[in-house]
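One structure below.
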Amino acid sequence: MITDFLAQPDTYGDAYVIAPDGSRAGLVWQSETAERFEEAEAPDDRTWGVWSVGLPLPMRSAADARKYLEALLPELRRRWELWRP
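In terms of the working numbering, the sequence shown opens at residue 73 and continues consecutively.
Laid out in structure tokens, this is it:
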């Protein structure tokens, strides 16, 4: 997570994820909202995109963040696999 939601609780922020091959994607996340997974910036040769994501889950603790990311993982994996050379 780039946004320190533990120090300053919030329902939105920025993060990035690292795939098994070391490539990255950005996340613009929102918690406690309707579920969504939308392209914010197209993938390029360096990253597999920036994604605007939302889930109805809270983001108030490290355990919450883990559950949030676990919920996103299937779609993140799919987007990474589509991008991989």
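Note that beta-carbon positions come from the ideal geometry of N, C-alpha and C, so glycine has one too. Predicted model, so just to flag it, every value in this text is computed and none were measured.
Integer-rounded CB distance, given that Leu141 should sit under 8 angstroms from Ser103: In this structure Ser103 is not in contact with Leu141, their Cβ atoms being roughly 11 angstroms apart against a cut-off of 8 angstroms.
Report the residue from Thr119, Arg132, Ala97 whose alpha carbon sits nearest the alpha carbon of Ala79. The option with the nearest alpha carbon to Ala79 is Arg132.
Taking the alpha carbon of Trp155 as the reference point, which residue from Gly121, Asp136, Ala137, Ala134 has its own alpha carbon closest? Its Cα nearest to that of Trp155, the residue Gly121 stands out among Gly121, Asp136, Ala137, Ala134.
According to DSSP, is Arg138 part of a helix, a strand, or is it coil? Judged by DSSP in its simplified three-state form, Arg138 adopts helix.
Of the residues Asp116, Asp76, Glu111, Ala134, the one placed nearest Gly126, counting alpha carbons only: Checked all of Asp116, Asp76, Glu111, Ala134; the closest Cα to Gly126 is Glu111.
Measure from the alpha carbon of Trp152 to the alpha carbon of each residue in Ala87, Ala97, Lys139, then state which is nearest. Relative to the Cα of Trp152, the nearest Cα in the group Ala87, Ala97, Lys139 belongs to Ala97.
Taking the alpha-carbon positions, what's the Asp76 to Asp86 distance? Those two C-alpha atoms are separated by around 9 angstroms.
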